[in-house]
Each structure stands twice: as structure tokens, then as C-alpha cells.
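**Student:** Dropping a structure here in C-alpha cells format, bear with me for questions.
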Amino acid sequence: MKETRVICPYCGTGCNVDLSIEDNRIVKAKGSCGNYVNDGELCLKGLYGWDYVGANDRLKKPLIRKKDGVFSKEGTFEEVSWDEALELIASKMKEVKAQHGSDAIAGNFSSRSTLEENYVAQKFMRSVVGTNNIDHCARVCHGPTVAGLAQTIGCGSSTNSFTEIGEHSNCIMMIGSNPENAHPIAAMYIQRALSRGAKLIVIDPIKTELAKKADVHLQLKPEHNIPILNAILHHIITNNLQDTNFISNHTNGFEYVKEVIKDYSPEAIEKTSGVPAELIKKAAQMYATIKPAIITHGMGITHFNHGVGNVFNISNLILSTGNIGSLGSGDLAIRGQQNVQGACDMGMLPDIFPNGKKVFDKEAIKFYEELWNCKLDNKVGVRRTDIPDVILEDKVKIFWTVGENPVISDPNTNRLLKALAHVDLYIVQDLFLTETALKADIVLPAVSNSEKTGCYTNAERRVQLNHQAISPVGDIKNDWQIICALAKKMDAQGFDFSSSEEIWQEIRVADPNRYGGMSYARIDKEKGLHWPCPSEDHPGSPILYMNKEFLTPDKKGNFAPVIFVDNKKDIEKAEQDLAKRLKLPSTYPHMAGSVDEPADEEYPIELLTTRKVYHYTVGTMTRRSPALENGADIHGPCGEINQSTAAAYGVQDGDYIAVESRYGRIAVKVEVTPVVPDKVMQMSFHYWEGHANELTSEGADAITRTPTYKAAVKFHKISNQEYAQVLIEKKEKFYSQKITFDEYEEVEI
Ligand SMILES: Nc1nc2c(c(=O)[nH]1)N[C@H]1C(S)=C(S)[C@@H](COP(=O)(O)OP(=O)(O)OC[C@H]3O[C@@H](n4cnc5c(=O)[nH]c(N)nc54)[C@H](O)[C@@H]3O)O[C@H]1N2
Ligand SMILES: Nc1nc2c(c(=O)[nH]1)N[C@H]1C(S)=C(S)[C@@H](COP(=O)(O)OP(=O)(O)OC[C@H]3O[C@@H](n4cnc5c(=O)[nH]c(N)nc54)[C@H](O)[C@@H]3O)O[C@H]1N2
Ligand code: SF4
Ligand SMILES: [Mo]
1 MKETRVICPY CGTGCNVDLS IEDNRIVKAK GSCGNYVNDG ELCLKGLYGW DYVGANDRLK
61 KPLIRKKDGV FSKEGTFEEV SWDEALELIA SKMKEVKAQH GSDAIAGNFS SRSTLEENYV
121 AQKFMRSVVG TNNIDHCARV CHGPTVAGLA QTIGCGSSTN SFTEIGEHSN CIMMIGSNPE
181 NAHPIAAMYI QRALSRGAKL IVIDPIKTEL AKKADVHLQL KPEHNIPILN AILHHIITNN
241 LQDTNFISNH TNGFEYVKEV IKDYSPEAIE KTSGVPAELI KKAAQMYATI KPAIITHGMG
301 ITHFNHGVGN VFNISNLILS TGNIGSLGSG DLAIRGQQNV QGACDMGMLP DIFPNGKKVF
361 DKEAIKFYEE LWNCKLDNKV GVRRTDIPDV ILEDKVKIFW TVGENPVISD PNTNRLLKAL
421 AHVDLYIVQD LFLTETALKA DIVLPAVSNS EKTGCYTNAE RRVQLNHQAI SPVGDIKNDW
481 QIICALAKKM DAQGFDFSSS EEIWQEIRVA DPNRYGGMSY ARIDKEKGLH WPCPSEDHPG
541 SPILYMNKEF LTPDKKGNFA PVIFVDNKKD IEKAEQDLAK RLKLPSTYPH MAGSVDEPAD
601 EEYPIELLTT RKVYHYTVGT MTRRSPALEN GADIHGPCGE INQSTAAAYG VQDGDYIAVE
661 SRYGRIAVKV EVTPVVPDKV MQMSFHYWEG HANELTSEGA DAITRTPTYK AAVKFHKISN
721 QEYAQVLIEK KEKFYSQKIT FDEYEEVEI
């Protein structure tokens with residue numbers, strides 16, 4: 001039996017896993033011991049989530065839709081050679097580029113692919129196709145974190161490392177993040193801090209497992225972060241708990257926040273948010289006085305029409321108390337996917353190059369035009385959330401999805417399905433014939449993480465090297481190999497890489513500040529290195545801003561005022577009035593937000609979508625592990641409501657219900673639980689059977705277009721037979737080979 005160390009393919013914690021291999025199959029997984037991010041431990045997914053690798057239904061050859069032996073969108077999938085598949089894609093790309101221009105092609109790439117693969121993919125799209133129409137799951141995830149932190153402290157990434165929480169943080173404020181389900185090994189460090197006597201504040205509408213153990217749980221109404229965080233700032237400022245020295249030496253704009261929070265006394269906010277003023281004050285007191293204090297945040301900060309505003313408020317908390325730039329204090333945006341931090345860092349975004357510079361920055365354009373020997377476009381590309389619109393407006397003709405499953409993960413599924421049926425050519429590159437791949441015209445089979453070598457960057461900016469543990473089965477390729485082969489078919493230069501390490505060496509040139517000092521050998525020997533690591537003798541940077549210099553132009557942190565309005569339609573006016581009232585400089589960061597789609601008489605329940613520990617995003621990988629699928633069964637596809645909501649609707653635990661929003665209708669089981677507040681339904685998005693995103697709205701953050709993933713819903717009890725009937729309909733909808741555009745025109749919601 002051979003043992004190889006890989007990086008866990010799931011969450012952004014980035015645990016190191018020792019895989020035992022026998023006859024080219026994974027037979028056992030255990031956490032790598034020693035100084036690794038996970039200190040020998042693994043969660044259920046890292047331990048048991050490996051069956052997908054050797055699953056019988058892995059894609060083994062490229063597929064093209066054919067009718068009578070030739071490519072036809074009306075045809076059925078047939079296996080073809082790589083040469084035929086790539087030749088077809090290259091000829092279609094050339095044709096579309098000539099007829100409609102480069103921007104008629106768009107690609108969404110993958111935080112499951114390595115750094116090297118993301119680098120090559122964005123280089124291909126920018127330098128060969130000639131467009132910035134690239135994006136990935138950060139758009140639907142921590143997009144507001146990246147934008148909000150960049151405007152306030154200069155860099156959109158976590159400031160500290162996980163282990164510091166366990167060893168140094170004396171106060172932890174967790175806002176809209178549930179690491180016991182979503183990042184269990186990060187939660188382990190929080191547990192270690194609690195055993196040391198650290199204080200825990202949880203701000204979450206759900207009584208999560210850590211909320212039960214918290215010193216203070218602010219169980220706010222969903223979408224009420226602005227009033228709560230402003231009220232915390234109110235207590236800090238009115239009681240002079242702020243760090244005056246830090247504010248005057250290292251920040252701008254404190255007076256704006258000081259002015260804005262006047263309307264948000266804890267007593268006033270108690271009335272609207274449902275949280276007792278005393279608890280708000282207690283939380284504020286703890287965060288401002290028990291140092292070092294760290295904030296962790298997740299989707300309960302980003303999935304709002306004011307996600308960036310919420311992040312501004314996190315910066316306001318940090319900057320007012322000086323809780324940054326030292327061991328155990330700062331903000332840990334617990335990034336979602338294995339390599340989502342890395343995909344952002346590689347410039348897999350429509351507005352950012354691999355060195356973090358904007359695509360319209362003249363110097364950056366010149367640098368990359370020289371490095372890649374090409375002409376670059378300076379327009380910001382289309383964002384993932386806007387893809388359905390641009391396709392339906394006939395602006396994008398070819399769409400390519402790599403390592404994402406948007407049919408299940410994007411909001412308002414019916415709108416996306418309509419677009420996918422409309423686009424001229426849809427290419428999907430994945431491990432499986434997913435719900436999304438089934439809607440494609442061409443499917444390219446990819447190698448999975450334990451079958452390849454390359455780097456991933458975890459949520460704490462730690463770059464780690466993944467070693468190939470087994471050989472891929474079938475005629476499948478690494479994502480980077482597919483892209484390089486396609487580049488050659490497009491007659492492009494600069495894609496003659498023969499290993500991922502060769503690509504890595506180019507990345508070190510493309511962004512010397514972050515990676516100059518990181519060779520493969522060094523990353524491996526030092527068990528990962530945190531960027532920036534500009535030279536071989538640089539130790540890496542687990543903590544940012546140690547010198548209290550922020551990465552903003554004047555090196556100061558910017559306070560950014562945020563306000564809450566009752567009605568979404570008043571947001572724009574409120575922002576203008578705020579800028580006038582505070583006399584803000586023209587581009588100074590500020591934001592107003594609201595509940596996006598309030599519950600009303602017709603749709604009286606607010607839907608929240610969250611994660612369960614057993615399954616990962618759309619379940620493509622974890623649902624192929626019997627241990628996880630069976631373990632998760634107690635939750636399954638269900639709508640969680642509390643006893644009082646259940647009683648009001650005459651339903652009981654285990655009943656079947658139809659849940660409807662303005663966008664779609666699904667059927668699930670009821671789970672009655674005390675952790676959910678009144679008139680709220682919690683649901684995971686791991687199951688096509690009870691597919692939450694058929695219900696979610698198109699609501700999105702006004703700055704980044706990150707979806708809210710929420711909706712107002714109604715529900716009623718249905719019989720077992722009705723439930724079975726809905727499941728049959730869903731199976732047809734998601735697993736039929738092809739649905740035409742006309743059929744989607746007919747879809748009645
Ligand atoms: N098991 C598992 N782990 C995962 C994933 C998975 O699918 N399964 N996905 C990965 C990915 S892609 C990501 S992005 C991360 C996400 O990690 P998290 O952000 O921790 O995950 P969520 O379950 O979405 O938790 C968000 C929390 O926000 C709370 N919340 C909802 N609305 C509000 C609000 O208005 N205010 C506040 N303060 N809180 C609110 C929810 O109740 C929930 O507890 O997890 C990663 N890890
Ligand atoms: N309702 C609701 N919806 C949500 C969310 C929510 O909170 N609520 N959260 C959103 C968030 S935060 C995220 S990040 C998204 C995640 O959703 P997506 O962005 O769609 O990503 P995944 O579900 O992780 O899909 C990963 C796909 O990549 C494939 N894959 C795995 N490894 C590789 C590889 O090496 N190469 C290739 N080519 N393919 C590979 C897998 O088989 C799988 O099909 O979901 C979003 N959707
Ligand atoms: S915490 Fe995340 S990275 Fe670690 S084993 Fe679990 S899923 Fe994998
Ligand atoms: Mo995510």
C-alpha cells in the first residue's frame with residue numbers, strides 16, 4: 001500500500017490528507033500529522049468523501065451531441081476523440097470571434113482546479129480569445145468580501161491564520177458563518193480557543209451548534225446585519241471603547257461612521273431587529289475590550305443586496321478597535337471552496353489580472369501584453385450572475401463552464417435553464433455528466449484532484465502543493481492540459497507547458513510579489529507558505545498589516561458608513577442623501593441596504609439557504625459516498641421550520657410540503673427544529689430533489705452582483721403521492737438529455 005499526501009478537495013480550510021492507495025484505488029484517508037493546517041484531524045468529508053474518484057459513472061471520454069453522425073444541438077451524446085472535440089470547439093470559437101467579436105465568448109472556471117489551471121485558463125481567455133468574460137464561484141460566494149475589504153483595508157483576503165484562533169484570539173465574533181457544518185476543522189480551532197477561556201459572540205438568525213456554546217448569541221432577524229453592527233459600533237463609540245490612537249494614526253473617515261451610528265442605539269435597534277439591547281451592548285463590550293479579538297464571517301455577511309456594506313461594517317469594527325495586524329486579531333473570511341482564494345488570486349475574475357491589478361490599469365496591461373506576447377482588452381468582462389441575461393440578449397454565443405454545476409448552484413434555476421437552452425454552443429468540463437453537463441452540447445472529461453499535481457490556496461492565503469496519488473482512468477485530461485491543447489488548436493503560442501510546475505514558474509514571474517519566493521520544493525518542505533512571499537528568504541505572511549500599513553493608496557484604513565432602509569426602492573436615494581449629508585469625497589465607500597424580498601401576505605415565510613456537514617455544495621462528489629449520503633439522510637432534502645410555524649400551517653415533522661416562491665416550486669419533507677426562528681424556513685442546496693435554487697430570487701449585491709440566495713415563500717402540506725409526482729417531474733427536468741428553448745418559453749411558474 002502506497003501513501004500520498006493530497007489537499008482535501010472540499011472546503012477552503014485546506015486540510016492535508018494522507019491517502020492510502022492500493023491497486024490505483026483510494027482505500028483509506030487520514031489527516032496529515034504535524035504542522036499542517038489540520039494538525040492530524042479531518043472532518044467527515046475529508047475522511048469519507050473519496051468514493052467519487054473511482055465512481056463507475058466518471059466521464060471517460062469527450063462527448064459531442066450528434067445526429068446522423070454529425071454535430072447537432074438536437075442530437076444525443078456520442079463519445080469522440082479529444083482531437084475531434086477540441087477541433088470542433090476551436091473552429092466554433094474562431095467562427096464566433098470573427099462574426100461577433102471576442103466578447104461573444106464567455107467562460108466560468110473552477111475553484112476546484114489548481115492555481116496552475118486557473119492561471120492557464122485566464123491566460124487563454126484573455127490572450128487567445130481576447131476577452132475578460134471570465135468568472136468563477138467567488139461571484140456567488142465571497143465576492144463582497146473581496147470588494148469590501150479591498151476598499152477599506154486594501155486587500156480582499158483573510159488577514160490571519162486558523163491556528164492563531166486556537167492559540168491567541170481571546171474573543172471571537174462569528175458573523176453569519178457556521179464552521180461546525182461548513183469548515184469543521186476551522187471550528188476545531190474555535191473550540192480550542194473556548195477551552196482556553198476565550199469568549200465567543202455569534203451573530204446569526206439560527207441557533208447553530210456554536211451559538212449554543214456562545215457567551216452571547218445575537219439571534220437577529222435575517223437580513224438585519226446593518227442595524228445590529230451599527231448598534232454595536234454605537235455602543236463602542238458612545239462608551240469611548242474605540243482605540244483613539246489607532247484611529248488617528250492609521251485610518252480615514254471615523255467621523256462618517258460616528259455620525260451615521262447616531263440613529264442606531266441598541267435600544268432603538270432592539271425594536272426592529274428582535275435582539276435585546278443588553279445583549280448588543282454585551283457583545284460590543286466584549287469585542288472592544290477583550291483583545292486580541294478576531295472576526296470570522298461567511299455567507300451570512302455576503303448573500304444580501306448590501307453584502308459589500310456588511311463587509312464595510314466588519315472593517316468599521318476592526319478599525320475602530322484596532323483589532324488588526326497582530327497575532328489573533330483581524331478578519332477571517334472563511335472562504336468556501338478548496339481553491340476559491342487561489343482562483344481569485346490567479347485573476348479568474350472579469351476585472352482583475354493575476355497580480356491583483358485591474359484589467360484597465362495601463363501599466364498592468366503593458367506588463368501582461370509583454371509577458372503573454374499579445375494584445376489585451378481593457379474592458380471589464382461579464383460576471384457569472386449576469387450570464388443568463390447576456391445569453392438571452394444574444395450577446396454571448398459560446399459559454400464554457402469548467403468545474404461548476406450552476407444548474408443546481410445558481411439562483412433562479414428556471415432563468416438559467418432558459419439561457420442554457422438558448423446559447424449557440426455550451427461546453428461543460430467536469431468529472432461527471434452533472435445536471436449542468438446534461439444541458440451541454442460538448443462535454444470534456446477532467447481529472448480530479450487526487451489524480452493530479454498542482455497548488456491550491458486555502459482561506460488563510462496558504463499555498464499548498466497537492467501530489468498526484470493515483471492515475472486517472474479513461475481518456476481524461478487535467479484541466480490545464482485541455483486548455484493548452486485547445487490553445488494550440490487556436491494556433492496560439494505560449495501554452496507549451498509540459499507539467500504544472502512549468503506553469504508555476506510562469507506564475508512566479510506573473511506575480512513575483514505574492515509567489516516570487518515559493519518554489520514547489522519550498523512549498524512542500526515548509527508545509528505550505530502564506531502569500532505574500534516575494535523572495536526565497538522571505539518566511540511568508542500568515543498575518544497581514546503587521547506594520548499597520550494598509551494596502552490602500554495612502555496606507556490608511558477607510559471607515560465606510562453603512563445605513564439600513566425599510567424599502568429596497570429607497571436604497572439609491574438613501575445613498576445619495578448619505579453622501580450629501582456626510583459630504584463624502586466622490587468615490588468614498590458607503591452603502592445602503594435593505595431586506596431584499598420581504599415576506600408578505602402572499603409569501604409569508606423567509607427562506608434561508610445554508611449548509612449541512614455531510615454534503616458539499618450541489619452534492620456531485622459527496623453524494624457518491626454512501627457513508628455521507630446515508631449519514632445525511634436524517635436531514636435529506638428538507639425545509640426546517642420551528643414548532644410555532646409548523647403549528648400555524650398544520651404540519652408535523654416528516655410531513656411532505658410543496659414550497660413555492662415567485663420563481664419556482666419544489667417539494668420537500670418538513671423538519672421541525674427549535675434552532676430556526678419564527679416564520680423562517682432553512683433549507684440546504686445540496687439536493688436536486690428538493691432544489692432550493694428553484695425558489696431563490698435574482699436579488700443580488702448592488703456592487704458585486706453576488707446573489708442573495710433568498711426568497712419569500714409559502715408552503716402547504718401535500719400527500720406522499722403528490723411528493724412522488726413532483727420528484728418524477730424534477731427527474732425529467734434535470735436528467736433528461738436536452739430541453740429545448742421553446743419548451744422553456746412555456747415554463748409556467
Ligand atoms: N459541509 C459543507 N461545507 C461547506 C460547503 C458545503 O456545501 N457543505 N460549502 C463551502 C462553501 S462554497 C462556502 S462559501 C462555505 C460557506 O460557509 P458558511 O458561510 O459558514 O455557510 P452557511 O451554511 O451558508 O452559513 C451561513 C450562516 O449565516 C447565517 N445567516 C443567514 N442569514 C443571516 C443574516 O442575515 N445575518 C447573519 N448574521 N447570519 C445569517 C446562517 O444561518 C448560517 O448559519 O462553506 C464551505 N464548506
Ligand atoms: N441556495 C444557495 N445556492 C448556493 C449557495 C447558497 O448558500 N445557497 N452558495 C453558493 C456558493 S457560496 C458556491 S461557492 C456555489 C458552489 O457551486 P458551484 O460553483 O456550481 O461549484 P460546485 O458545486 O462546487 O461544483 C463543482 C463541480 O466541479 C466538478 N469538479 C471537481 N473537481 C474538478 C476538477 O478538478 N476539474 C473540473 N473540471 N471539475 C471538477 C465537480 O464534479 C462539480 O460538478 O454554490 C452557490 N449556490
Ligand atoms: S474541514 Fe474542509 S478541508 Fe478539512 S477535511 Fe473537512 S472538508 Fe476537507
Ligand atoms: Mo462558496
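With the numbering used here, the residue at position 278 of the sequence shown is 278, and numbering never jumps. In this text, a Cβ means the ideal position worked out from N, Cα and C, and glycines have one as well.
Would you list, in sequence order, the uninterrupted beta strand (DSSP E) runs of no fewer than 3 residues that lie entirely inside the region 663-709?
**Tutor:** Whole beta strand (DSSP E) segments, 3+ residues: 665-672 and 680-684.
**Student:** Using the beta carbon as the reference atom, which residues fall closer than 5 Å to any heavy atom of ligand 3, ordered along the chain?
**Tutor:** The filter returns Cys-8, Tyr-10, Cys-11, Thr-13, Cys-15, Leu-42, Cys-43, Lys-45, Gly-46, Pro-184 and Ile-185, in chain order.
**Student:** Between the alpha carbons of Tyr-231 and Ser-499, how many angstroms are there, rounded?
**Tutor:** Translated into positions along the sequence shown, residue 231 becomes position 231. Translated into positions along the sequence shown, residue 499 becomes position 499. Position check: residue 231 holds Ala in this sequence, whereas Tyr was assumed. The alpha-carbon atoms of Ala-231 and Ser-499 are separated by roughly 53 Å.
**Student:** Between Ile-203 and the rest of its own chain, which residues show a CB-CB distance below 6 Å, the 5 nearest in sequence each way excluded?
**Tutor:** Position 203 of the sequence shown, counted from the start, is the residue given in the question as residue 203. For Ile-203, where only same-chain residues beyond five positions count, the Cβ hits under 6 Å are Ile-175 and Leu-218.
**Student:** Please list, in chain order, all residues of the same chain as Ser-72 whose beta carbon is under 7 Å from its beta carbon, the five residues on each side excluded.
**Tutor:** Residue numbering aside, residue 72 sits at position 72 when the sequence shown is read from its first letter. Arg-65 and Lys-66.
**Student:** Candidates Thr-609, Ala-182 and Pro-542: which alpha carbon is nearest Val-765's?
**Tutor:** Since the first residue shown for the chain is 1 and the last is 749, residue 765 is missing from the structure and cannot be characterised.
**Student:** Under 5 Å, CB to any heavy atom of ligand 4. Which residues pass, going along the chain?
**Tutor:** Chain-ordered list of matching residues: Cys-141 and Gly-336.
**Student:** DSSP three-state call for Arg-5: helix, strand or coil?
**Tutor:** The residue labelled residue 5 in the question sits at position 5 within the sequence shown. Three-state DSSP puts Arg-5 in a strand.
**Student:** Return the chain-ordered list of same chain residues with a C-beta closer than 7 Å to the C-beta of Val-651, the five sequence neighbours on each side being excluded.
**Tutor:** Translated into the one-based positions of the sequence shown, residue 651 becomes position 651. Around Val-651: Ile-657, Val-670 and Lys-717.
**Student:** Decide if the region 306-316 is in contact with the region 463-475; the criterion is three or more beta carbon pairs, one per stretch, under 8 Å apart.
**Tutor:** Not touching, per the Cβ criterion.
**Student:** Three-state secondary structure (DSSP) at Phe-497?
**Tutor:** In the sequence shown, counting from the first residue as 1, residue 497 sits at position 497. The answer is coil: DSSP assigns Phe-497 none of H, G, I, E or B.
**Student:** Hey, Ser-169 and Ala-186 are a contact pair by Cβ (cut 8 Å); roughly how many whole angstroms apart?
**Tutor:** Taking the sequence shown and counting its residues from 1, the one referred to as residue 169 is at position 169. Taking the sequence shown and counting its residues from 1, the one referred to as residue 186 is at position 186. Not confirmed; about 12 Å, so no contact.
**Student:** Where DSSP assigns a beta bridge to Lys-477, which residues make up the other side?
**Tutor:** On the sequence shown, position 477 is the one that residue 477 refers to. DSSP output for Lys-477 lists Ala-446 as bridge partner(s).
**Student:** Could you pull out every residue in the same chain whose Cβ sits closer than 8 Å to the Cβ of Pro-350, ignoring the five residues on either side in sequence?
**Tutor:** Working through the sequence shown from its first residue, we reach residue 350 at position 350. Around Pro-350: Asn-132, Asn-133, Ile-134, Asp-135, Val-359, Val-380, Gly-381, Val-382 and Arg-383.
**Student:** What separation, rounded to the nearest whole angstrom, lies between the Cα atoms of Gln-481 and Ile-503?
**Tutor:** Sequence index remark: in the sequence shown, residue 481 carries index 481 (1-based). Sequence index remark: in the sequence shown, residue 503 carries index 503 (1-based). Each residue's Cα considered, the two are about 11 Å apart.
**Student:** What residue from Ala-592, Phe-312, Pro-227 and Phe-124 has the CA that sits closest to Trp-372's CA?
**Tutor:** Here the question's residue 372 lines up with position 372 in the sequence shown. Taking only the C-alpha atoms, the option nearest Trp-372 is Phe-124.
**Student:** With respect to the beta strand (DSSP E) encompassing Asn-466, which residues constitute its N-terminal and C-terminal limits?
**Tutor:** Here residue 466 refers to the residue found at position 466 when the sequence shown is read from its first residue. Asn-466 -> beta strand (DSSP E) spans 462-466.
**Student:** Within the chosen definition, does the region 393-413 reach the region 424-433 through at least 3 CB pairs nearer than 8 Å?
**Tutor:** Yes, the region 393-413 is in contact with the region 424-433.
**Student:** Can you check DSSP and say which residues form a bridge with His-716?
**Tutor:** In the sequence shown, the residue the question calls residue 716 occupies position 716. Note: His-716 sits in a beta bridge opposite Ala-658.
**Student:** What are the uninterrupted segments assigned as alpha helix (DSSP H) that are 4 or more residues long and contained completely in the region 191-216, given in chain order?
**Tutor:** Correct list: 209-213.
**Student:** Considering only their Cβ atoms, is the gap separating Cys-533 from Gly-356 smaller than 9 Å?
**Tutor:** Locating residue 356 in the sequence shown gives position 356, where the first residue counts as 1. Locating residue 533 in the sequence shown gives position 533, where the first residue counts as 1. In this structure, Cys-533 does not lie closer than 9 Å to Gly-356 by Cβ.
**Student:** Please tell me whether, using a cut-off of 8 Å, the distance from the CB of Glu-223 to the nearest non-hydrogen atom of ligand 1 is below it.
**Tutor:** Taking the sequence shown and counting its residues from 1, one reaches residue 223 at position 223. Yes, ligand 1 has a heavy atom inside 8 Å of this Cβ.
**Student:** Check each candidate in Ser-448, Glu-660, Tyr-616 and Ala-459 and name the one with the smallest Cα separation from Leu-529.
**Tutor:** Residue numbering aside, residue 529 sits at position 529 when the sequence shown is read from its first letter. The shortest Cα separation from Leu-529 among Ser-448, Glu-660, Tyr-616 and Ala-459 belongs to Ala-459.
**Student:** Do Val-402 and Ala-55 have their beta-carbon atoms positioned less than 9 Å apart in this structure?
**Tutor:** On the sequence shown, residue 55 is found 55 positions in, with the first residue counted as 1. On the sequence shown, residue 402 is found 402 positions in, with the first residue counted as 1. No.
**Student:** Measure the Cβ-Cβ separation of Ala-627 and Leu-42 and say whether it is below 9 Å.
**Tutor:** Numbered from 1 along the sequence shown, position 627 holds the residue referred to as residue 627. Numbered from 1 along the sequence shown, position 42 holds the residue referred to as residue 42. No, these two residues do not count as a Cβ contact at 9 Å.
**Student:** Could you pull out every residue in the same chain whose Cβ sits closer than 7 Å to the Cβ of Gln-576, ignoring the five residues on either side in sequence?
**Tutor:** In the sequence shown, the residue the question calls residue 576 occupies position 576. Excluding residues within five positions, none has a Cβ falling inside 7 Å.
**Student:** Mapping DSSP to helix, strand and coil, what is Asp-83?
**Tutor:** What you label residue 83 is simply residue 83 of the sequence shown in a count that begins at 1. Asp-83 falls in the helix class under three-state DSSP.
**Student:** If you draw a straight line from the alpha carbon of Val-96 to that of Ile-391, how long is it in whole angstroms?
**Tutor:** Residue 96 sits at position 96 when you count from the first residue of the sequence shown. Residue 391 sits at position 391 when you count from the first residue of the sequence shown. Near 14 Å, if we compare the C-alpha coordinates of Ile-391 and Val-96.
**Student:** Is DSSP giving Thr-401 helix, strand or coil here?
**Tutor:** What you label residue 401 is simply residue 401 of the sequence shown in a count that begins at 1. Thr-401 falls in the strand class under three-state DSSP.
**Student:** Could you tell me which of Arg-139, Ala-138 and Thr-251 sits nearest to Gly-557, measuring between CA atoms?
**Tutor:** Taking the first residue of the sequence shown as position 1, residue 557 is located at position 557. Residue Thr-251 is the option with its Cα nearest to Gly-557.
**Student:** Look up His-136 in the DSSP assignment and say whether it is helix, strand or coil.
**Tutor:** As a working mapping, residue 136 is identified with position 136 in the sequence shown. Residue state, collapsed to three classes: coil.
**Student:** With a floor of 3 residues, list each beta strand (DSSP E) that falls wholly inside the region 598-651, ordered by position along the chain.
**Tutor:** The region 598-651 contains these whole beta strand (DSSP E) runs: 605-610 and 638-641.
**Student:** Assuming Arg-462 contacts Gly-14 under a Cβ cut-off of 8 Å, what Cβ separation, rounded to an integer in Å, is found between them?
**Tutor:** Along the sequence shown, one-based indexing puts residue 462 at 462. Along the sequence shown, one-based indexing puts residue 14 at 14. Arg-462 to Gly-14, Cβ: 6 Å. Contact.
**Student:** Leu-327 and Leu-59 look like a contact to me (Cβ under 8 Å); what is the Cβ gap, rounded to whole Å?
**Tutor:** Against the sequence shown, residue 327 aligns to sequence position 327. Against the sequence shown, residue 59 aligns to sequence position 59. Not confirmed; about 46 Å, so no contact.
**Student:** If distances are taken between C-alpha atoms only, which option among Pro-205, Thr-706, Gly-130 and Thr-289 comes closest to Lys-94?
**Tutor:** Working through the sequence shown from its first residue, we reach residue 94 at position 94. Out of Pro-205, Thr-706, Gly-130 and Thr-289, Gly-130 has the C-alpha closest to the C-alpha of Lys-94.
**Student:** Just checking my contact of Ala-446 with Leu-431 at CB under 8 Å: how many whole Å lie between their CB atoms?
**Tutor:** For the purposes of this step, residue 446 is identified with residue 446 of the sequence shown, where counting begins at 1. For the purposes of this step, residue 431 is identified with residue 431 of the sequence shown, where counting begins at 1. Confirmed, about 6 Å.
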